[in-house]
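Report on the structure given below.
Residue numbers (the numbering used here): 3 to 184.
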């Protein structure tokens with residue numbers, strides 16, 4: 003089977019796992035808190051990293067669901083364990099960053115599409131689909147020690163997202179400007 007066909011079936015498996023993990027497995031409590039804090043919470047002095055525990059809980063169950071989907075297609079696909087691990091690392095790390103929601107809010111602001119009723123959800127899902135495409139191609143193409151580069155990239159992405167959240171929270175809502183509560 004060609005690498006392109008392996009990438010295609012990997013995408014289908016990751017997509018099925020995404021749909022089930024994001025819409026069936028994810029709990030309402032996690033969905034409500036994984037993107038915290040809100041602008042109001044930031045203004046009140048809540049850490050910009052609030053919500054990461056819920057986000058990581060979601061990413062763990064989401065990635066587990068995708069792993070099951072990849073295992074199902076493994077029957078007909080030559081995707082090896084290194085490729086599967088690479089695909090899951092890319093999917094998990096990008097999913098965590100996208101689900102923190104600040105990127106989606108910034109895109110909505112940049113596009114000026116505040117009036118799109120389903121805008122936040124559609125932008126979120128579109129970003130996830132693009133990330134799944136990249137994960138699928140890398141999973142099909144990667145081999146050997148290439149997984150180390152993918153793992154390093156995943157860790158770097160999460161670290162950059164944490165730094166961005168901290169910087170954005172401090173820039174948009176400096177503690178000195180936060181309302182004083184008595």
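We treat Cβ as the ideally placed atom computed from N, Cα and C, and that holds for glycine.
For residue i, does the three-state DSSP call read helix, strand or coil?
i, result
"residue 98", "helix"
"residue 116", "coil"
"residue 169", "helix"
"residue 164", "helix"
"residue 80", "coil"
"residue 108", "helix"
"residue 182", "For residue 182, the pLDDT reaches just 36, beneath the cut-off of 50, and the residue's location in the model is therefore unreliable, leaving the point undetermined."
"residue 177", "Note that residue 177 scores 49 on pLDDT, short of 50, meaning its location in the model is unreliable; the coordinates nonetheless yield the value given after this. Reduced to three states, the DSSP call for residue 177 is helix."
Ends of the alpha helix (DSSP H) at residue i?
i, result
"residue 147", "Here residue 147 belongs to no alpha helix (DSSP H), and DSSP marks it neither H nor E."
"residue 16", "5-22"
Quick one: is the Cβ of residue i within less than 7 Å of any heavy atom of the ligand PLP?
i, result
"residue 105", "You won't find the ligand PLP in this model; it holds no ligand whatsoever."
How about residue i and residue j: do their beta carbons lie closer than 8 Å?
i, j, result
"residue 186", "residue 67", "Coverage of the chain is limited to positions 3 through 184, which leaves residue 186 absent and any answer about it impossible."
"residue 16", "residue 89", "yes"
"residue 160", "residue 84", "no"
"residue 92", "residue 140", "yes"
"residue 8", "residue 142", "yes"
"residue 38", "residue 19", "no"
"residue 86", "residue 72", "yes"
"residue 32", "residue 69", "no"
"residue 126", "residue 99", "no"
"residue 170", "residue 80", "no"
"residue 64", "residue 25", "no"
"residue 104", "residue 42", "no"
(Q) What ranges does the alpha helix (DSSP H) occupy inside the stretch 29-55, keeping only unbroken runs of at least 4 residues that lie completely in it? (A) Segments of the alpha helix (DSSP H) lying fully in the stretch 29-55: 30-35, 41-45.
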